[in-house]
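Trainee: In terms of my numbering, the sequence shown opens at residue 3 and continues consecutively. Virtual Cβ for every residue (Gly too), placed ideally from N, Cα, C. Got a structure here, written out as structure tokens. Questions coming.
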Amino acid sequence: MVKKICVVGLGYIGLPTASLLAIKGFEVHGVDTNRHAVELINQGEVHIVEPDLDIMVKAAVQSGRGIDIESTQRTVAFYKQFVSGKILETNAKTAEMAKLTENSFRDVNIAFANELSLICDQLDINVWELIRLANHHPRVNILQPGPGVGGHCIAVDPWFLVHAAPEQAKLIHTARIVNDYKPGYVVNKVAERAKRLKSPVIACLGLSFKANIDDLRESPALAIVEHLAKARIGDIYAVEPHIQLLPASLAEAGVQLLETVEAVRKADIVLLLVNHDAFSHMDRNLLQEKIVIDTRGFFSESPRERVGVH
Numbered sequence: 003m004v005k006k007i008c009v010v011g012l013g014y015i016g017l018p019t020a021s022l023l024a025i026k027g028f029e030v031h032g033v034d035t036n037r038h039a040v041e042l043i044n045q046g047e048v049h050i051v052e053p054d055l056d057i058m059v060k061a062a063v064q065s066g067r068g069i070d071i072e073s074t075q076r077t078v079a080f081y082k083q084f085v086s087g088k089i090l091e092t093n094a095k096t097a098e099m100a101k102l103t104e105n106s107f108r109d110v111n112i113a114f115a116n117e118l119s120l121i122c123d124q125l126d127i128n129v130w131e132l133i134r135l136a137n138h139h140p141r142v143n144i145l146q147p148g149p150g151v152g153g154h155c156i157a158v159d160p161w162f163l164v165h166a167a168p169e170q171a172k173l174i175h176t177a178r179i180v181n182d183y184k185p186g187y188v189v190n191k192v193a194e195r196a197k198r199l200k201s202p203v204i205a206c207l208g209l210s211f212k213a214n215i216d217d218l219r220e221s222p223a224l225a226i227v228e229h230l231a232k233a234r235i236g237d238i239y240a241v242e243p244h245i246q247l248l249p250a251s252l253a254e255a256g257v258q259l260l261e262t263v264e265a266v267r268k269a270d271i272v273l274l275l276v277n278h279d280a281f282s283h284m285d286r287n288l289l290q291e292k293i294v295i296d297t298r299g300f301f302s303e304s305p306r307e308r309v310g311v312h
């Protein structure tokens with residue numbers, strides 16, 4: 003059995019010691035408060051000057067203690083205790099790449115849909131109807147556009163590939179640009195509509211990064227409302243059924259958290275950002291005489307409601 007050792011402090015004493023132990027067959031976990039030093043060491047490089055230390059560190063890192071056939075087998079045995087699906091084995095690098103690839107693939111496909119929504123908005127075409135028709139082709143499956151891409155996976159993981167291979171990851175990089183552009187596009191759409199009103203009141207429906215959750219991390223909806231509040235375009239009411247308190251960025255900017263009906267009744271502009279199931283129970287008659295900007299196609303069945311971002 004491989005013995006495990008934790009070396010705390012990877013300086014002039016700790017790093018040579020940890021490297022020697024790893025070369026001798028120990029599974030070594032090094033700990034240091036210097037983030038830059040940790041990153042260099044994990045790449046097989048050193049942050050201090052010591053004769054031949056770089057050779058030792060590189061050899062220790064490349065030995066891959068803890069990431070080998072035995073560790074893979076033990077990990078599979080562990081997961082089989084509670085995972086019912088098939089467990090696929092590969093090396094650590096390919097496994098990590100597979101996860102990044104999954105999320106990057108989704109990001110690229112969402113970017114195609116978001117770019118279609120921009121084109122359709124320019125050409126005055128209902129993008130929801132367009133996608134529904136195009137998807138009748140047996141080999142076409144266009145996703146649904148939205149106000150951007152959020153969450154801590156899809157909006158983040160593609161950047162790892164772009165950083166690792168910037169010259170090769172051009173499509174992935176472009177998809178990120180398209181998706182990151184969309185929130186600003188929505189903000190501009192709202193601003194254009196608000197200019198027509200003396201004292202605009204805006205109801206923003208949804209703050210989470212996807213439907214029916216309370217997670218606001220990397221949320222394009224939240225970013226849009228933050229920008230609207232910062233620009234002081236008008237009075238802003240936020241509606242998010244899954245939270246009790248607004249994040250500080252909105253509360254400190256004067257945004258109020260209201261129930262759906264109250265916010266919509268008070269609003270001149272209704273901005274649909276997240277397609278929560280809770281919003282489906284709203285009386286659509288409340289939208290009469292409102293400017294509706296629908297970023298999710300939530301109200302797309304009514305021609306009158308196809309306003310702004312389709």
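#1: If we require 4 or more residues per run, which alpha helix (DSSP H) segments fall completely within the region 204-282?
#2: So what does DSSP say about ILE127, is it helix, strand or coil?
#3: With 16 as the cutoff for other CB atoms within 10 Å, does PRO185 come out buried or exposed?
#4: For a test of the three-state rule: what should DSSP assign to CYS122, helix, strand or coil?
#5: Measure the alpha-carbon distance for GLY11 versus GLU29 and round it to whole angstroms.
#6: Under DSSP, the alpha helix (DSSP H) around ILE25 begins and ends at which residues?
#7: Classify THR262 as buried or exposed, calling it buried when 16 or more other Cβ atoms lie within 10 Å of its own Cβ.
#8: At what residues does the alpha helix (DSSP H) containing LYS6 begin and finish?
#9: Consult DSSP for ARG306 and reduce its assignment to one of helix, strand or coil.
#10: Leaving aside the five residues before and after LEU274 along the sequence, list all residues of the same chain whose C-beta is less than 8 Å from its C-beta, in chain order.
#11: Is it true that the region 187-201 meets the region 223-231, where meeting means three or more beta-carbon pairs spaced less than 8 Å apart?
#12: How big is the Cα-Cα spacing for GLY310 and GLN124?
#13: Write down the C-beta distance between VAL158 and GLU220 rounded to the nearest angstrom, noting that I regard them as a contact closer than 8 Å.
#14: Any idea if PRO305 is buried or exposed, counting beta-carbon neighbours within 10 angstroms, 16 or more meaning buried?
#15: Do you know offhand how far ARG76's Cα is from GLU91's?
#16: DSSP has GLY148 in a bridge; who is on the other side?
#17: Is it the case that the region 167-187 contacts the region 249-258, given that we only count it when at least three CB pairs across the two stretches are under 8 Å?
#18: Go to GLU29, then tell me how far its beta strand (DSSP E) extends in each direction, as first and last residue.
#19: Got a sec? Which residues, its chain only, sit under 7 Å from VAL78 by beta carbon, not counting five neighbours each side?
#20: Rounded to a whole number of angstroms, what is the C-alpha to C-alpha distance between CYS122 and THR176?
#21: How far does the beta strand (DSSP E) with ASP296 in it reach, from first residue to last?
#22: Using CA coordinates, which residue listed in ALA196, GLU104, VAL188 and LYS268 is at the minimum distance from LEU163?
#23: Alpha carbon to alpha carbon, how far is MET99 from ASN36?
Mentor: Taking the coordinates as given:
#1: 222-233, 250-253 and 262-268
#2: The count along the sequence shown starts at 1 and reaches residue 127 at position 125. ILE127 falls in the coil class under three-state DSSP.
#3: Residue mapping note: residue 185 aligns to position 183 of the sequence shown, counting from 1. Its Cβ being crowded by 16 or more others within 10 Å, PRO185 is buried.
#4: One-based indexing of the sequence shown puts residue 122 at position 120. Residue state, collapsed to three classes: helix.
#5: In the sequence shown, the residue the question calls residue 11 occupies position 9. In the sequence shown, the residue the question calls residue 29 occupies position 27. One C-alpha to the other measures close to 16 Å.
#6: Taking the first residue of the sequence shown as position 1, residue 25 is located at position 23. Where ILE25 is concerned, the enclosing alpha helix (DSSP H) stretches over 16-25.
#7: Start at 1 with the first residue of the sequence shown, and residue 262 comes out as number 260. Buried, because 16 or more other Cβ atoms sit within 10 Å of the Cβ of THR262.
#8: In the sequence shown, counting from the first residue as 1, residue 6 sits at position 4. Unbroken run through LYS6 is the beta strand (DSSP E), 6-10; no alpha helix (DSSP H).
#9: Residue numbering aside, residue 306 sits at position 304 when the sequence shown is read from its first letter. Here the model assigns ARG306 a pLDDT of 37, short of 50, so the residue's position is not dependable and the matter cannot be decided.
#10: Here residue 274 corresponds to residue number 272 of the sequence shown, with the count starting at 1. LEU207, GLY208, PHE281, VAL294, ILE295, ASP296, THR297, ARG298, PHE300 and PHE301.
#11: yes
#12: Taking the first residue of the sequence shown as position 1, residue 310 is located at position 308. Taking the first residue of the sequence shown as position 1, residue 124 is located at position 122. Only weak support exists for where GLY310 lies, its pLDDT of 39 falling under 50; the value from the coordinates is given anyway. In a straight line, the C-alpha of GLY310 is about 10 Å away from that of GLN124.
#13: Against the sequence shown, residue 158 aligns to sequence position 156. Against the sequence shown, residue 220 aligns to sequence position 218. Indeed, because the Cβ distance is near 7 Å, the residues count as touching under 8 Å.
#14: For the purposes of this step, residue 305 is taken as residue 303 along the sequence shown, with counting starting at 1. Residue confidence is low: PRO305 scores 40 on pLDDT, short of 50, so the model does not pin down where it sits. No coordinate-derived value is stated.
#15: Residue mapping note: residue 76 aligns to position 74 of the sequence shown, counting from 1. Residue mapping note: residue 91 aligns to position 89 of the sequence shown, counting from 1. Those two C-alpha atoms are separated by around 11 Å.
#16: Residue 148 sits at position 146 when you count from the first residue of the sequence shown. Beta-bridge pairing links GLY148 to no other residue.
#17: no
#18: Here residue 29 is taken as the residue at index 27 of the sequence shown, counted from 1. 29-33 is the extent of the beta strand (DSSP E) around GLU29.
#19: As a working note, residue 78 is residue 76 in the sequence shown. The answer, listed in chain order, is ILE89 and GLU91.
#20: Stepping through the sequence shown from its first residue, residue 122 is reached at position 120. Stepping through the sequence shown from its first residue, residue 176 is reached at position 174. Straight-line Cα distance between these residues: approximately 19 Å.
#21: If you number the sequence shown from 1, residue 296 lands on position 294. Where ASP296 is concerned, the enclosing beta strand (DSSP E) stretches over 293-296.
#22: Counting from one through the sequence shown, the residue named residue 163 turns up at place 161. Checking every option, the nearest Cα to that of LEU163 belongs to GLU104.
#23: Stepping through the sequence shown from its first residue, residue 99 is reached at position 97. Stepping through the sequence shown from its first residue, residue 36 is reached at position 34. Distance between the alpha carbons of MET99 and ASN36 is about 26 Å.
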